[in-house]
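Chemist: One structure, as structure tokens, below. Some questions next.
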Amino acid sequence: MSYTLYHYYEQDIGPFRNLSSLPTEEADQIMNRIRLAGNQFASRRSPDYMSIRRDVERMARSLFTDKGGQPRSLFPYYFTLEACQWLESWYTIPCKLSISLDELPDDRISFTYGDLFPTMRYEDGKPYRKQVYTKSEIAALVDQYGLPQIWNSNGDHGPERYIEFQLWDDEIIDQFVNRIHAERRSRT
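Residue 11 is where the sequence shown starts when you use the numbering used here, and the numbers rise one by one after that.
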């Protein structure tokens, strides 16, 4: 089966902006501005969000390399497996990009069943907690559990609202951004 990955972002900021790639102080300042503005989902995040985020990203990277992954960046870029309307609601002016999962190399992408934060932090005994999966494992996991955005679209059955993909390669992101810019230029 072929899958599509979606990357959601704020129109005014643009795609693939990664807070984790910034120095700690700068990332904290940006998060503080978002919290003070109060008009996005991210404004509800705690003051220690960036510290926790970096910890769970390091954990995910380590688990991915343990499974043979070859990350080329310290921190991932995030996508969902298939569309997720709930995630669009996080943004003031939401935008999204899509890419076929088939276009990405197996050893540069991992995924978690649910958002990385609850996947790595919740202690509810679900078998996919604290697990990172590889591209070759996606079909079996979807067959077993389904897509959360279908069975849990309102969040009534736990924190799983989508399957999150992590792309661990700045070069692939740069190529993707260049392609987007070229497509936009060709339309003008």
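All C-beta atoms in this analysis are idealised placements derived from N, C-alpha and C, irrespective of residue type, glycine included.
Look at R131 and I182 and say whether their C-beta atoms are less than 8 Å apart.
Modeler: no
Chemist: Identify every residue that forms a DSSP beta bridge with K106.
Modeler: Y18
Chemist: Between S146, A149 and F127, which lies nearest to R139 when the distance is taken from Cα to Cα?
Modeler: F127
Chemist: Excluding the five sequence neighbours on either side, which residues of its own chain have a C-beta within less than 8 Å of the C-beta of G24, listed in chain order?
Modeler: none
Chemist: Helix, strand or coil: how does DSSP classify Q258 here?
Modeler: Not covered by the structure: residue 258. The range shown for the chain is 11 to 198.
Chemist: Can you check which of these residues, N164, E170, G135 and I103, is closest to Q21 by C-alpha distance?
Modeler: I103
Chemist: To which residues of the same chain is R64 closer than 7 Å at the C-beta, ignoring the five residues directly before and after it?
Modeler: S30
Chemist: My guess is that E124 and P169 are in contact by the Cβ rule of under 8 Å, so how many angstroms apart are they, rounded?
Modeler: Strictly speaking, residue 124 in this sequence is Gly, with Glu absent from that position. Yes, they are in contact, since the Cβ atoms of G124 and P169 sit about 6 Å apart, within 8 Å.
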